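Engineer: Pasting a structure here, questions to come.
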Amino acid sequence: EVMAAQVASASGGCFPWRRLRKLKQRNEVLEHIMSVRNSPKLHAARLFEDMRAEVLRVEAELLAAGRLDEKGDVFHLKLQEVDQALSDPSCDLRAVIAPRKARYCRAKEAKVCPMLVDSRCRILKPNIVQGEP
């Protein structure tokens, strides 16, 4: 919208094509810079998509082998634990998942979500003075 407004305002004057050409060149440079700025984010998103697809494939494998109880359990594991589970069939994944899943379920049932948590995981609450409207 801003670029369109600038193009419209640049089209007036004695030599509008010069101003318009400069404006278009500047906009092309800005579009290139913005693509350079966003490129790492797009690559990271693609990487996470590929990682998630692979984790879901491994989850299906572990479910088929009877080592996981239900879909989504693999997300209670760390990647190192998934690697260990793939290399060591005697690894008890249910024992690792159970406490984490219980904590997740408790958090999911919470009625109030804290607005602010500091770096030490302390919930910060506003100083509310009683009796004021």
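Using the working numbering, read the sequence shown as starting at 930 and increasing by one per residue. Note that the Cβ used here is the ideal one computed from N, Cα and C, for glycine as well. No experiment lies behind these values; they were computed from the predicted model shown.
When the Cα of C1041 is compared with those of I1052, S1048, D1047, which residue comes out closest?
Structural biologist: Residue 1041 is actually Val in this sequence, not Cys. Of the candidates I1052, S1048, D1047, the one whose C-alpha sits nearest the C-alpha of V1041 is I1052.
Engineer: How about the region 964 to 972 and the region 992 to 1004: do they share at least three Cβ pairs that are nearer than 8 Å?
Structural biologist: No, the region 964 to 972 is not in contact with the region 992 to 1004.
Engineer: Can you give me the C-alpha to C-alpha distance between V1003 and R966, rounded to a whole angstrom?
Structural biologist: Using only the alpha carbons, I get a separation of about 33 Å.
Engineer: Could you check where the alpha helix (DSSP H) with S880 kicks off and where it finishes?
Structural biologist: Past the edges of the chain, shown from 930 to 1062, lies residue 880, and the structure says nothing about it.
Engineer: Out of K953, V984, R996, which one is the CA nearest neighbour of A1024?
Structural biologist: Cα-wise, what sits closest to A1024 is R996.
Engineer: Note down the Cα distance separating K1007 from F977, rounded to an integer number of angstroms.
Structural biologist: C-alpha separation (whole angstroms): 15 Å.
Engineer: Grab me the residues of C1050's own chain with a C-beta within less than 8 Å of its C-beta, minus the 5 sequence neighbours each way, in chain order.
Structural biologist: Excluding residues within five positions, none has a Cβ falling inside 8 Å.
Engineer: Checking 8 Å against the spacing of the C-beta atoms, do A1014 and C1020 come in under that value?
Structural biologist: Cβ atoms of A1014 and C1020: closer than 8 Å.
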